[in-house]
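Reviewing the structure listed below.
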Amino acid sequence: MVASSYDFVIVGAGIVGLTVASELRHHHPRAHIAILDKEAMPGMHASGRNSGVLHSGIYYSSDTLKARVCAEGGRRMIEFAKEEKIPYSQCGKLILATAEEQLPTIEKLLDNAKENRIPAERIDQQQLSEIEPFAAKGPAAIYCPTTTVIDSLAVVKRLREKLEQQGVTFLFHTKVLRRTQKNEIETTRGAVRFDFLYNCAGAYADRIAGIFGLAKDYALVPFKGIYWKLNETATPKIRANIYPVPDVSLPFLGVHLTRVISGDVYVGPTAIPALGRENYGKIKGIKASEAIGIGVRLTNMYLRNKNHFRKMAHREMAKYRKRNFLFAARELLPSLNSEDMVSTPKAGIRPQLVNIKTGKLKMDYILEKTDNSLHVLNAISPAFTSSFAFAERIVEESRVV
Ligand SMILES: Cc1cc2nc3c(=O)[nH]c(=O)nc-3n(C[C@H](O)[C@H](O)[C@H](O)COP(=O)(O)OP(=O)(O)OC[C@H]3O[C@@H](n4cnc5c(N)ncnc54)[C@H](O)[C@@H]3O)c2cc1C
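Residue numbers (the working numbering): 2 to 402.
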C-alpha cells in the first residue's frame, strides 16, 4: 500500500493538536496538513473532560512557560469564542485561604499576579460576602476578575470545522503504532509520511516521543479527576468559581466549585493516582499491560515521597468516599450537605510526567525535538487555557516558520 504523505502531521486531535494545526495553517496556507487521532472525533480525552475554566495565570512563577502562555492564551481563546459565538462567561474567581498557614501562599500568588501583570486583588470579608455570599470566611481571599468559564467541547468542535474548511485533513480511528523510517510512521490505517511531525498525543505523548528516541528522563503517571455536582437546592449558593489555596509544590489546584456554562455547579476534580491512562471509571480503562508499570512507578514515588507524595496520595484516595469529598468541599462552602452533592460520570485523567532520576513531578510544559519532529510533553492544566499562545510557541520552536 502506498503511504499517504503530508508536509505536517499532527498526532492528537485534542486542543493542543488543533491549535497547532491552526497556527501552521496561518503560516503555510498551501501546506498539506493532517491530524491523526485514534478516536472517532476530537476532544475525547483531556480536552473534552476538563473543568472548562480559562485560568488567569496567577498560579505560575514568571520564569515558567506556563506563565508565558496562560494569560495570553486565555485572551486569545475568548477572542475566538467571541468571533465564533461560542458560549463563555467572564465570571471571575475567588481563591480562599481557610487556615493561617496558607497566608504565605496567598502572598506568593499576589506576587505572581504582579509579575505576570494579571488583575487580582486581596479582598476583605465585606467584598467576599458580596461576591460569594455563601463562601467560607477565612483569614484571606484573592479575587481574580478575568477568570472565565467556557464550553470546552464547543471550542474543540468549532476548531475542527474551521480547520476542515481550511483544507486540513482529519484521519480518525488512526492510531500511531511505530516509526518505520525516519519520515514515516505506521498507523492502524496504514503508513503515513511526513516532512515534520508534531506529537500532541496527551496521555500518550511520552510513548510517541519514545519512538523518536526522546522523553528518556520521564515516566508518566495518570491522576484521575472525578467530579460531583450540586443539586438544584445548593446550586444557587455558587455564583462563579471558588478555589482553595493550592499546594504550590504540586501541579493540582485542589477540589473547587465551578458554575459551568450550562449553569450547573461542579465540585472537583480530585487528583487520585490511577492505574491507566484512560482509567475513567473505578476499574474501567485499566489494562494489565500498563497497570503493572504504573503501579511500580506509583510505589516508587510513594517510597521516595517527593512533592509530599505520600500525604497527597492518601488525601486524594480518600476522596473516593463521598464523606471525604464533602469534607474538602465544605472547607469552601460550609453549609454544604451530603444530599446537596449528586454523583456524575464526569471524569478526566491528568497525564503527569515524573522525572525518573529525582522522583519529582514536572510542574511545567516540556518541549523536546529532533530535526523532523517536535514533542509536547506534560501538557497538563492549564494547557486548555494556554493553547492558542502555546501553539504559537510550539510552531516557533520547531523552526518551520
Ligand atoms: C479533570 C481535568 C480538569 C482540567 N481542568 C482544566 C481547566 O479548567 N482549564 C485548563 O486550562 N485546563 C484544564 N485541564 C487540563 C487540560 O484539559 C489539558 O491540559 C488539555 O486538554 C491537554 O490537551 P491535549 O491536546 O494535550 O490532550 P488531549 O485532549 O488528551 O488530546 C490528545 C489526543 O491524542 C490522541 N492520541 C493519543 N495517542 C494517540 C496515538 N497513539 N495515535 C493517535 N492519536 C492518539 C488522543 O485520542 C487524544 O484525542 C484539566 C484536565 C483534567 C484532566
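Don't be surprised by glycine CBs; every beta carbon is placed ideally from N, CA and C.
Residue i classed as buried or exposed, judged by whether at least 16 other C-beta atoms fall within 10 angstroms
i	result
Met318	exposed
Ser388	buried
Asp125	exposed
Arg400	exposed
Asn242	buried
Leu304	exposed
His174	exposed
Tyr7	buried
Gly18	buried
Gln166	exposed
Lys225	buried
Pro43	buried
Val297	exposed
Tyr366	buried
Leu178	exposed
Arg324	exposed
Ala41	exposed
Glu133	buried
Asp207	buried
Gly168	exposed
Glu369	buried
Thr300	exposed
Ser23	buried
Ser63	exposed
Thr20	buried
Anticipated Cβ contact below 8 Å, residue i with residue j, distance rounded
i	j	result
Ala1	Gly255	Given that the chain is displayed from residue 2 to residue 402, the structure contains no residue 1 and the question cannot be resolved.
Leu258	Ile151	Not confirmed; about 17 Å, so no contact.
Phe9	Phe171	Between Phe171 and Phe9 the Cβ distance is about 13 Å, and since that is not below 8 Å, they are no contact.
Lys375	Glu398	This sequence places Leu at residue 375; Lys is not what is there. 6 Å between Cβ atoms; contact.
Val12	Cys201	6 Å
Arg227	Ala348	Per the sequence shown, residue 227 should be read as Ile rather than Arg. 5 Å between Cβ atoms; contact.
Leu25	Val396	6 Å
Leu251	Asn338	Incorrect: roughly 29 Å between the Cβ atoms, too far for contact.
Lys238	Ser336	7 Å
Gly93	Thr148	6 Å
Leu104	Ala141	6 Å
Leu334	Ala114	Not quite, the Cβ-Cβ distance comes to about 24 Å (not below 8 Å), so this is no contact.
Glu122	Ile107	Contact doesn't hold; Cβ gap of about 12 Å is too wide.
Ala72	Asn117	6 Å
Ile262	Gly53	7 Å
Identity of the residues DSSP links to residue i by a beta bridge
i	result
Gln182	Glu185
Ser5	Val193
Ile36	Ile11, Phe171
Ser90	Val150
Val177	Thr188
Ile16	Paired residues: none, contrary to the question.
Pro274	Phe224
Val401	Paired residues: none, contrary to the question.
Ile123	Note on identity: in this sequence residue 123 is Arg, with Ile being the wrong assignment. DSSP, once it has assigned bridges, lists Ile143 as partnering Arg123.
Ile96	Ile143, Tyr244
Val156	Beta-bridge pairing links Val156 to no other residue.
Val396	Partner(s): none; Val396 has no beta bridge.
Residue i beta carbon near ligand 2 (any heavy atom closer than 6 Å)
i	result
Asn51	Ligands displayed in this structure: ligand 1; ligand 2 is not among them.
(Q) Report the start-end ranges of each beta strand (DSSP E) in the stretch 315-383 that is 3 residues or longer and not cut off at the edges. (A) 342-356, 367-371, 374-378
Q: At 3 residues or longer, and completely inside the stretch 184-271: list those beta strand (DSSP E) runs for me, N to C.
A: 185-188, 191-200, 219-231, 242-245, 257-260, 266-269
**Q.** Stretch-stretch touch, CB-based, cutoff 8 Å, three pairs: the stretch 218-226 with the stretch 335-343
**A.** no
Q. Can you find at least 3 beta carbon pairs, one from the stretch 81-98 and one from the stretch 272-292, that sit closer than 8 Å?
A. no
Q: Check whether the stretch 373-390 touches the stretch 65-79, taking contact to mean three or more Cβ pairs, one atom from each stretch, closer than 8 Å.
A: yes
(Q) With three or more C-beta pairs closer than 8 Å as the rule, is the stretch 31-42 touching the stretch 350-369? (A) no
Q) With a cut-off of 8 Å, do at least 3 Cβ pairs link the stretch 363-383 to the stretch 197-213? A) yes
Q: Check whether the stretch 242-253 touches the stretch 278-294, taking contact to mean three or more Cβ pairs, one atom from each stretch, closer than 8 Å.
A: no
Q: Please confirm if the stretch 59-72 is in contact with the stretch 202-212, defined as three or more CB-CB distances below 8 Å between the two stretches.
A: no
Q | Inside the stretch 43-91 only - beta strand (DSSP E) runs reaching at least 3 residues | A | none
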